[in-house]
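See below for the structure under consideration.
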Ligand SMILES: CC(C)(COP(=O)(O)OP(=O)(O)OC[C@H]1O[C@@H](n2cnc3c(N)ncnc32)[C@H](O)[C@@H]1OP(=O)(O)O)[C@@H](O)C(=O)NCCC(=O)NCCS
């Protein structure tokens with residue numbers, strides 16, 4: 117084989133850099149075409165399907181689930197419209213909504229949502245709701261870890277916010293447990309059933325999450 121000159125080596129290196137940059141761009145923007153399937157130890161997170169409407173109505177429209185969140189749709193058709201909207205918002209790059217599907221099941225028992233709070237997704241807000249039959253089972257933590265990894269590693273979120281009504285014991289407990297930090301109280305910031313409720317603001321920073329993940333990894337192995 118002929119010896120390569122410095123210029124040829126340089127142009128191959130440049131080409132590799134271009135290919136690497138393209139691969140990077142494709143990987144990070146892929147989620148706008150279709151959400152990836154994320155697999156945990158208890159659940160799979162995947163894109164919502166119109167056929168999830170019936171099970172989501174059953175899971176999320178009960179009083180105990182809906183008590184402290186924005187009112188979910190009240191009909192199957194309403195959930196279908198919501199699901200179609202999630203697909204449009206994902207395609208526009210504003211938002212991602214995952215269905216929570218326990219291993220061994222095919223239907224969604226809850227959702228995790230992430231939406232950008234500023235163009236480019238530097239700061240984002242996440243929210244979640246799970247059917248009450250699955251509370252306290254570990255499904256939340258399993259799904260939450262997947263979705264936070266996705267937000268930080270794939271979308272590039274730097275600061276992930278969550279708001280939980282102060283009266284929502286489980287919501288606040290779940291956020292504390294996953295490692296979010298309570299930064300303050302947003303007074304009378306959430307209108308529910310004609311009443312303004314105080315909310316706690318919880319945040320996760322990308323650097324803290326990456327450090328915490330190393331510690332969790334060390335504990336598991
Ligand atoms: C929020 C939600 C997804 C959490 O899932 P979950 O399975 O209930 O969460 P977990 O049981 O894993 O964690 C909740 C924690 O809060 C604790 N908790 C429960 N009630 C509490 C209360 N009144 N005060 C403080 N902590 C409480 C639980 O003991 C648990 O902690 P532990 O596992 O260390 O004991 C689920 O409760 C839900 O869908 N709620 C309705 C929708 C909702 O409110 N969404 C959140 C909006 S911010």
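Numbering (our numbering), first residue to last: 117 to 337. Built from N, CA and C at the ideal position, the CB exists for glycine as well.
>> Buried or exposed for residue 221, going by 16 or more other Cβ atoms inside 10 Å?
In response: exposed
>> At the level of alpha carbons, what is the spacing between residue 186 and residue 322?
In response: 27 Å
> If you compare alpha carbons, which of 171, 165, 275 and 280 is closest to residue 316?
Replying inline: Residue 280 is the option with its Cα nearest to residue 316.
>> Looking only at its chain, what residues have a beta carbon closer than 7 Å to the beta carbon of residue 190, apart from the 5 residues adjacent to it on each side?
In response: 177
>> Which residues does DSSP list as the beta-bridge partners of residue 315?
In response: 281 and 302
>> I need the boundaries of the beta strand (DSSP E) containing residue 161, first residue and last residue.
In response: 159-163
> By the 10 Å Cβ neighbour count, where 16 or more other Cβ atoms means buried, how is residue 247 classified, buried or exposed?
Replying inline: buried
>> Taking 8 Å as the limit between beta carbons, can you name the residues of its chain near residue 300, skipping five residues before and five after?
In response: Excluding positions up to five away in sequence, the list reads 316 and 317.
> Cα-Cα, which of 292, 271, 331 and 276 is closest to residue 148?
Replying inline: 271
> Is it the case that the CB of residue 255 approaches a heavy atom of ligand 2 more closely than 7 Å?
Replying inline: Ligand 2 is not among the ligands present in this structure, which contains only ligand 1.
> Should residue 155 go down as buried or exposed, given a rule of 16 or more other Cβ atoms within 10 Å for buried?
Replying inline: exposed
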